[in-house]
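Data block below; observations after.
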Amino acid sequence: GAGVSQSPSNKVTEKGKDVELRCDPISGHTALYWYRQSLGQGLEFLIYFQGNSAPDKSGLPSDRFSAERTGGSVSTLTIQRTQQEDSAVYLCASTETGQIYGYTFGSGTRLTVV
Amino acid sequence: DQQVKQNSPSLSVQEGRISILNCDYTNSMFDYFLWYKKYPAEGPTFLISISSIKDKNEDGRFTVFLNKSAKHLSLHIVPSQPGDSAVYFCAASGSARQLTFGSGTQLTVLP
């Protein structure tokens, strides 16, 4: 597609439920990143994919968070047993490998845990 | 430990005047710096970048300055326009080729 697509754009969930956030990167972009922005905070790195593998998962805040990428394209970020502190905007970006100035971000998924 | 810091959460300037946004970093291994702009309900978009081998990069109304000895960079917008009102994020990259972002500065340009 023309840009990075994220779905849903908004998600309200009850504490303790699982959620899945989807990212569809720009076609041909091999690198994919997940970030999140909590209220009043900067962009916090979560995980990086190169193709289907994740060489850097260091930003995932707990084992309730996981992510996968299939076919070198779509990625899913899963949060299990959501907590209120998980409320944030989750942003996905894609780029060609090594092209750090080429990050293209999606519009994000605003997650609210009530 | 924040490696990239934007100490001013907000800045207001008059239309036509200069906007100066500041950013400090702590990791001396960072060698590439970028500024992103973010409007509400949109993802951040790339604005301008600078390599550590330079101290200035200019693109139209936007200029980024890098002071490596002070580990400080700044973004100058001249002249500021109401459409420039947005959140500006400073970002840095090292050998890992991932971006570390600051917390952002909300710029408001008053007409």
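Top line first, the protein sequences correspond to chains A and B.
Sequential numbering of the first sequence, starting at 1, is according to the working numbering.
Sequential numbering of the second sequence, starting at 1001, is according to the working numbering.
Ideal Cβ positions, reconstructed from N, Cα and C, are used throughout, including at glycine.
All of these numbers come straight from a predicted model, not from anything done at the bench.
Judged by their CB atoms, Gly1094 (chain B) and Phe1030 (chain B) are nearer to each other than the 8 Å cut-off. The way I'd put it, the segment 25 to 38 of chain A does touch the segment 85 to 96 of chain A; three or more beta-carbon pairs between them come closer than 8 Å. Assignment of Gln84 (chain A) by DSSP, reduced to helix, strand and coil, places it in the helix class. DSSP links Ala93 (chain A) through a beta bridge to A:Tyr33, A:Phe105. Below the 9 Å Cβ cutoff, chain A contributes Tyr33, Tyr35, Leu43, Phe45, Ala93, Ile100, Tyr103 as neighbours of Leu1099 (chain B), in chain order. With respect to the C-alpha of Ile47 (chain A), the residue from B:Thr1108, B:Gln1098, B:Pro1111, B:Leu1107 having the closest C-alpha is B:Gln1098. When secondary structure is reduced to three states using DSSP, Asp1055 (chain B) falls in the coil class, being assigned neither helix nor strand.
Listed in chain order, the non-local C-beta contacts of Ser7 (chain A) below 6 Å within the same chain comprise Arg22, local neighbours out to five positions each way being set aside.
Taking 9 Å as the cut-off between beta carbons, the residues of the segment 1009 to 1027 of chain B near chain A are Pro1009, in sequence order. Between Tyr48 (chain A) and chain B, the shortest Cβ-Cβ separation is below 8 Å.
Taken in chain order, the complete beta strand (DSSP E) segments of 3 or more residues contained in the segment 56 to 82 of chain A are 65 to 69, 75 to 79. Proximity to Gly59 (chain A) across B:Asp1059, B:Thr1100, B:Val1064 peaks at B:Thr1100, based on C-alpha coordinates.
Residue-level contact check: Ser5 (chain A) does not touch chain B, since none of the beta carbons of chain B fall below 8 Å from its beta carbon. Residue contact check for Gly1060 (chain B) against chain A: no CB pair falls below 8 Å. Taking 8 Å as the CB threshold, Phe1065 (chain B) stays off the interface with chain A. Burial state of Thr1026 (chain B) is exposed, judged by a 10 Å Cβ sphere holding fewer than 16 other Cβ atoms. According to DSSP, residue pairing for Val113 (chain A) in a beta bridge involves A:Thr13. Runs of the beta strand (DSSP E) lying entirely within the segment 1055 to 1092 of chain B, each at least 3 residues long, are 1056 to 1059, 1062 to 1067, 1072 to 1077 in chain order.
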